[in-house]
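Chemist: Have a look at this one.
There are 4 protein chains.
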Amino acid sequence: MHAVGVDIGGTKIAAGVVDEEGRILAKTRRSTSPDDVASIDRAIAEVYEEFSEQYAVGAVGVAAAGFVSTDRNTVLFAPNIAWRDHAIGDAVRGLVGADVRVVVENDANAAGWAEFRFGAGRDAADMLMLTIGTGLGGAVVTDGKLVRGRWGFAAEVGHVRVVPDGHVCGCGHNGCWEQYASGSALVREARAAAVADPARAADLLRRAGGDPHAVSGPDVTAAAEAGDELARALIAELGRWIGEGAASMAAVLDPEIVVVGGGVADAGDLLFPSVNAGFLAQLSARGHRPEAPIVGATLGNDAGIVGAADLARQD
Amino acid sequence: MHAVGVDIGGTKIAAGVVDEEGRILAKTRRSTSPDDVASIDRAIAEVYEEFSEQYAVGAVGVAAAGFVSTDRNTVLFAPNIAWRDHAIGDAVRGLVGADVRVVVENDANAAGWAEFRFGAGRDAADMLMLTIGTGLGGAVVTDGKLVRGRWGFAAEVGHVRVVPDGHVCGCGHNGCWEQYASGSALVREARAAAVADPARAADLLRRAGGDPHAVSGPDVTAAAEAGDELARALIAELGRWIGEGAASMAAVLDPEIVVVGGGVADAGDLLFPSVNAGFLAQLSARGHRPEAPIVGATLGNDAGIVGAADLARQD
Amino acid sequence: MHAVGVDIGGTKIAAGVVDEEGRILAKTRRSTSPDDVASIDRAIAEVYEEFSEQYAVGAVGVAAAGFVSTDRNTVLFAPNIAWRDHAIGDAVRGLVGADVRVVVENDANAAGWAEFRFGAGRDAADMLMLTIGTGLGGAVVTDGKLVRGRWGFAAEVGHVRVVPDGHVCGCGHNGCWEQYASGSALVREARAAAVADPARAADLLRRAGGDPHAVSGPDVTAAAEAGDELARALIAELGRWIGEGAASMAAVLDPEIVVVGGGVADAGDLLFPSVNAGFLAQLSARGHRPEAPIVGATLGNDAGIVGAADLARQD
Amino acid sequence: MHAVGVDIGGTKIAAGVVDEEGRILAKTRRSTSPDDVASIDRAIAEVYEEFSEQYAVGAVGVAAAGFVSTDRNTVLFAPNIAWRDHAIGDAVRGLVGADVRVVVENDANAAGWAEFRFGAGRDAADMLMLTIGTGLGGAVVTDGKLVRGRWGFAAEVGHVRVVPDGHVCGCGHNGCWEQYASGSALVREARAAAVADPARAADLLRRAGGDPHAVSGPDVTAAAEAGDELARALIAELGRWIGEGAASMAAVLDPEIVVVGGGVADAGDLLFPSVNAGFLAQLSARGHRPEAPIVGATLGNDAGIVGAADLARQD
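Protein chains in written order, with UniProt numbering: chain A, 1 to 315; chain B, 1 to 315; chain C, 1 to 315; chain D, 1 to 315.
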């Protein structure tokens, strides 16, 4: 059975028809407004109807950046879109027909599920996925099942505290893993380094027009690729935090594989050696257990669409 | 179906016949040697045969303080007993008959499963259990299933790092949660406080015969019960670390309930308010989610027997 | 001998004639521009000439928020005024006459010196002063002498690291004491608490018009004075960091008294008990040594004028 | 004028006649008992009288590992010798004559003073000395004066807290710098590494007879000299903590030079590059200030004798 997957961003939705092998047969987009949640519901309905004309699609999966209710019908709260206890599932069924199956899922969970089913984790039964962009999201699969927790709040690994009294997080707590293992953390540290030691940061400062507060993530990546020592050290430090945190997660979850996706994962060979080193340096019971490999995600930006569609197909 | 549960300690095993409601119908003990693993195998076989004479028992569950293989037949490694890749299941079947089902499980997992099925967690589908004695062990249940991880190393929550460069752990890493949320941590901090500020520690020092390095866990508990300010502060600090760490675990697992067992949980009303306060102070997305209650375990020392027996009955 | 003291702020200078007992006999102000360092030099010259008409003044002391050269003639660098290796002393002498003694001093050092000579520290020979406003500055007196260090960079206590990988500082490093023991830290933590737990922060949010990011320092102080539990906890936490850091400083300097000045010190009875508790809890060799009292500064905003004038009088 | 310097160890005293250039003209030793403080007094008197027969010595300086009173007559408390408010000065004068000048000084202060006057710091006016053996002691000189603080407890830099909730210290507090920057810290981390990752620690384990808890400091140094990767990483980590802490001290004291002595300093080229790197990485206001060099002490084990003698000569 085919299913429609919809990945909802801040100002647009991306959607696709996904077959049972995780292949996207067709794709489309719609512009939406983050403040107008009805516009998003309508856009979902539109893409469903557009696809239904050409494909036999039995379900719609929606990947949403927010907390999703246990029945996977409602977004309880979202930081960047005006969803507050908004029942997307009901709303979409009201537009396209009550018999259409609509399943809402947290976007990091959806992307993780896609990697688990069709991507880097497809041969594993137990997987930890880390999606590292501006922030740090996660997905957990144990024994073949997505772990959603009692109320759908599981796998928020970015809010595990890794440094007491550490960097303040958007969530209002201090020392969250996200503040050490994310693109935002990389930029913050790069800018700080440019203030603390301008000579060492000469390359970064040049790329940022001389303003330490203008250094960007792409500046750091480009400088690192060009061999700049500070930029490489900053990425290595980011990798260390990713790996060390993953070791703590492995103490809890014992995954068979750790998949790292999101924009930060694109740093590739600059990043992964230090992720691995940090992971192994902190892994408990080393020598008594197999060591899970840490690998890059393979599905890229389509993961949300693919995962949401596939979850909508599951019972 | 009844099953036999066996809980293996350092110098003895405790065993019982457990019915499907988790009730222990009969109990027995045997002395064993931690250096003679065959003596343990024989003792398990003996209690099985003893019980079989009176009860129809279809399976034996063994709770072992060590890492257990994925097929739940072998202890891969144990810190306090000489098991090194020792196949308890095969050994016991060799003694009692190849048709007897023998299932080995990590002891914290077994105790957690008992609480989940018959104790404090019996109404929940998603549970985090913390067993806090000298160390800190755990068990994780998601959606009704015990989380063992890919190789049986899951739920080792005591080795999540909570303080970079923090107290050294027996595992060889620094800053493990176990070093902040355990009876050993309580004793270490009590002794340090007695050195740092003898006047404030006068009550503790009196109980320890004047030697700060002789202060014990029961000294702290007794002093706290008698109203000593420092002892109460030390237990509150322990509680804070338990609760704050549980909040990090809730970010990953979103449990419906957190069950605290082990000897430290006996501190009861002295401990739990600070556990709760620490948990709520660090819980992410507070206000957007229900708050899992943190409760004491109810099955006491029998939990290992009951849980092992019940797990042996499961497929 | 009278001396003129000048305290240079971002947009104005305040000046006074100070007698040998530290009394201000006359005061005046001038507007200046932080980007036009010559305007500041001229304003200093003007106030000197104005005062000279009425008083016999033999020296000018200038308190400047920046790094001051060893010969106390030049501001090497300042974060908020455009001084870059600017020789204030030479410039002012060029305007008022080469025979006038002009001494430049870091503003926190000047304020500390005033407290040492005429204020809260006047009976001590060894003093640590903490000036806590938006940031955290300091002054150190040992055996009656102001400690300037080899190049004039001493007493920058706000940049002692107290939390590895802690909050990022304007200086480009992480975990500086200033990020935990300052008005900025109080505001940051108050805003974070309002995000993390809006219910607990109801009073603060009401004062800030409902916007967690608009909570201000005066909001916290006012709420604490009105009895709000969160506001009191936030100020107590600030006090704890001040006191604990002061204990580390006492390990290095063994002061007879710790003087706390700056706007944050105005929190008074809400703040000082927790400062003291934090200090005593972390003081090394407690029981073997006297415990330095921690007291509020007594000279208020005039301390910079008084201290700069007095330092100009010293050889 | 010559002076006698006496350095008091746990089971013996070492003494010498020291001239005004810091040269030792004669040396001797006596066995003593740490539990019999009178035996130490007598031994000091003996060496004084022995030297007086051959040299014109006008004063005796005593270097003692303990807290020394403001009048430098009495050891208030010592961790390893049974001094409790014991007036060494009075006792020695009672034995050798009331007209002999006897000055007691903390041993780290005495050694630091020797380096300042005649050793690595002889060209500086502001010096920070770190004496790193089993523990971490210090001495501070500002503007040519030894900083003793109000009650003689200054320069206890080993008890500055560098990691909140960090390793427990013998002083009863957590996270003292001494627990990160000392020979004890090196051994603790080496043993932990041997537990956490035996494969990586193969060389260390071989040297320690296979027992991770038997790894010693010399094992680490020898392995590092032989090129072992782990041993080198452990020493580099030690160096990082020394350097980063020194940067915090530089924020307070702005020394012209940092001198590192004690047994750990013997690691030399294995250690100092990482000390320097850590120092520069954390130095505040880098680029706006000169960078103090970090150098090894030059007087070795004689520093206590030389410094005590010289201090006895000062007013």
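Just so it is clear, CB atoms sit at the ideal spot from N, CA and C, and this is done for glycine as well.
#1: Using a Cβ-Cβ distance under 8 Å, would Pro79 of chain C count as near chain B?
#2: Counting Cβ pairs closer than 8 Å, one from the segment 62–72 of chain C and one from the segment 101–113 of chain C, do we hit at least three?
#3: Report the residue ranges of all beta strand (DSSP E) runs contained in full by the segment 245–285 of chain A; include only those spanning at least 3 residues, in chain order.
#4: What are the residues of the segment 138–158 of chain D that lie near chain C, defined by any Cβ-Cβ distance shorter than 9 Å?
#5: Restricting to runs no shorter than 3 residues, where is the beta strand (DSSP E) found entirely within the segment 92–168 of chain B?
#6: Is Asp126 of chain C buried or exposed, if buried means 16 or more other CB atoms sit within 10 Å of its CB?
#7: Helix, strand or coil: how does DSSP classify Asn80 of chain A here?
#8: Could you give the DSSP three-state label for Asp302 of chain C: helix, strand or coil?
#9: Consult DSSP for Ala196 of chain C and reduce its assignment to one of helix, strand or coil.
#10: Look at the Cβ atom of Ala87 of chain C, then the Cβ atom of Asn73 of chain C, and state whether they are nearer than 8 Å.
#11: By the three-class DSSP mapping on this structure, what secondary structure does Val215 of chain A have?
#12: Can you give me the C-alpha to C-alpha distance between Val96 of chain C and Val4 of chain C, rounded to a whole angstrom?
#13: Where Ala281 of chain B and Leu136 of chain C are concerned, what is the direct C-alpha to C-alpha distance, given to the nearest angstrom?
#14: Within this structure, are the beta carbons of His173 of chain C and Arg188 of chain C separated by less than 8 Å?
#15: Is the beta carbon of Ile294 of chain C sitting closer than 8 Å to the one on Val275 of chain C?
#16: With DSSP as the reference, identify every bridge partner of Gly289 of chain D, one or two as the case may be.
#17: Hey, is Gln282 of chain B's beta-carbon within less than 8 Å of any beta-carbon in chain A?
#18: Does the Cβ of Asp35 of chain A have 16 or more other Cβ atoms within 10 Å, making it buried, or fewer, making it exposed?
#19: Cβ atoms of Gly112 of chain C and residue 317 of chain C: under 8 Å apart, would you say?
#20: Rounded to whole angstroms, how far is the Cβ of Gly62 of chain C from the Cβ of Ile44 of chain C, which I believe are closer than 8 Å?
#21: How big is the Cα-Cα spacing for Ala155 of chain C and Asp254 of chain C?
#22: Thinking C-alpha only, which one of A:Phe118, A:Phe51, A:Leu76, A:Gly268 is nearest Leu299 of chain A?
#23: Within the 8 Å Cβ cut-off, does Asp126 of chain C reach chain D?
#24: Grab me the residues of Arg200 of chain D's own chain with a C-beta within less than 8 Å of its C-beta, minus the 5 sequence neighbours each way, in chain order.
#25: What is the DSSP secondary structure of Arg30 of chain D, reduced to helix, strand or coil?
#26: Determine which residues share a DSSP beta bridge with Ala64 of chain D and list them.
#27: List, in order along the chain, the chain B residues whose C-beta lies closer than 9 Å to that of Pro198 of chain C?
#28: Could you tell me which residues DSSP pairs with Val57 of chain B in its beta bridges?
#29: Nearest chain C C-beta to Pro164 of chain D closer than 8 Å, yes or no?
#30: Find the nearest neighbour of Pro79 of chain C within the set C:Ala139, C:Ile235, C:Gly9, judged by alpha-carbon distance.
#31: Less than 8 Å between C-beta atoms, sequence neighbours within five positions excluded: which residues of the same chain meet that for Ser184 of chain A?
#32: Output needed in chain order: residues of the segment 242–255 of chain A with a Cβ under 9 Å from some Cβ in chain B.
#33: Taking Val17 of chain D as the reference, give the member of D:Gly210, D:Thr131, D:Val60, D:Ser216 with the closest Cα.
#34: Would you report the Cα separation of Glu225 of chain D and Ala303 of chain D, rounded to the nearest angstrom?
#35: Which one of B:Ile242, B:Ile235, B:Arg191 has the shortest CA to CA distance from Thr221 of chain B?
#36: In its own chain, which residues sit with a C-beta less than 8 Å from the C-beta of Arg286 of chain A, not counting the 5 before and 5 after it?
Modeler: Straight from the coordinates:
#1: So, not an interface residue.
#2: Contact annotation: the segment 62–72 of chain C touches the segment 101–113 of chain C, with at least three C-beta pairs closer than 8 Å.
#3: Entirely contained in the segment 245–285 of chain A, the beta strand (DSSP E) runs reaching 3 residues are, in chain order, 257–261.
#4: Per Cβ criterion, the list reads Gly138, Val140, Thr142, Asp143, Lys145, Val147, Arg148, Gly149, Arg150, Trp151, Gly152, Phe153, Ala154, Ala155, Glu156, Val157, Gly158.
#5: Here the runs fully enclosed are 101–106, 127–132, 136–142.
#6: When all chains shown are included, Asp126 of chain C counts as buried.
#7: Coil, per DSSP.
#8: If DSSP states are grouped into helix, strand and coil, Asp302 of chain C belongs with the helices.
#9: Looking at Ala196 of chain C - three-state DSSP - the assignment turns out to be helix.
#10: A Cβ-Cβ contact shorter than 8 Å links Ala87 of chain C with Asn73 of chain C.
#11: Coil, per DSSP.
#12: Spanning the two alpha carbons is a distance of roughly 13 Å.
#13: Going from the Cα of Ala281 of chain B to the Cα of Leu136 of chain C covers about 27 Å.
#14: No, the pair does not count as a contact, with Cβ atoms beyond the cut-off.
#15: The answer is yes: Cβ separation under 8 Å.
#16: The residue asked about is misnamed: residue 289 of chain D is Arg in this sequence, not Gly. As computed with DSSP, Arg289 of chain D is found in a beta bridge with D:Arg286.
#17: It does: the Cβ of Gln282 of chain B has a partner Cβ on chain A nearer than 8 Å.
#18: Taking all protein chains shown into account, Asp35 of chain A has fewer than 16 neighbouring C-beta atoms within 10 Å of its C-beta and is therefore exposed.
#19: Residue 317 of chain C is absent from the structure shown; chain C starts at 1 and stops at 315.
#20: The question names Gly, yet the displayed sequence has Val at residue 62 of chain C. About 6 Å separates the two Cβ atoms, so the contact holds.
#21: Between the alpha carbons of Ala155 of chain C and Asp254 of chain C lies a gap of roughly 14 Å.
#22: When only C-alpha atoms are compared, the closest one is A:Phe118.
#23: Interface residue, yes.
#24: Cβ neighbours of Arg200 of chain D beyond the five flanking positions: Ala193, Glu229, Leu230.
#25: Residue state for Arg30 of chain D is assigned as strand, using DSSP reduced to three classes.
#26: Residue pairing by DSSP places Ala64 of chain D opposite D:Asn106 in a beta bridge.
#27: Simply Arg286, Gly287.
#28: Its beta-bridge partners are B:His2.
#29: Pro164 of chain D counts as touching chain C.
#30: Among C:Ala139, C:Ile235, C:Gly9, the Cα nearest to that of Pro79 of chain C belongs to C:Gly9.
#31: Within the same chain, Ser184 of chain A has close Cβ partners Thr134, Gly135, Glu178.
#32: Flagged, chain order: Glu244, Gly245, Ala247, Ser248, Met249, Ala250, Ala251, Val252, Leu253, Asp254, Pro255.
#33: It is D:Val60 whose Cα lies nearest to the Cα of Val17 of chain D.
#34: Spanning the two alpha carbons is a distance of roughly 27 Å.
#35: The shortest C-alpha separation from Thr221 of chain B is found at B:Ile235.
#36: Around Arg286 of chain A, the same chain offers Leu280 as residues with beta carbons nearer than 8 Å, after the five sequence neighbours per side are excluded.
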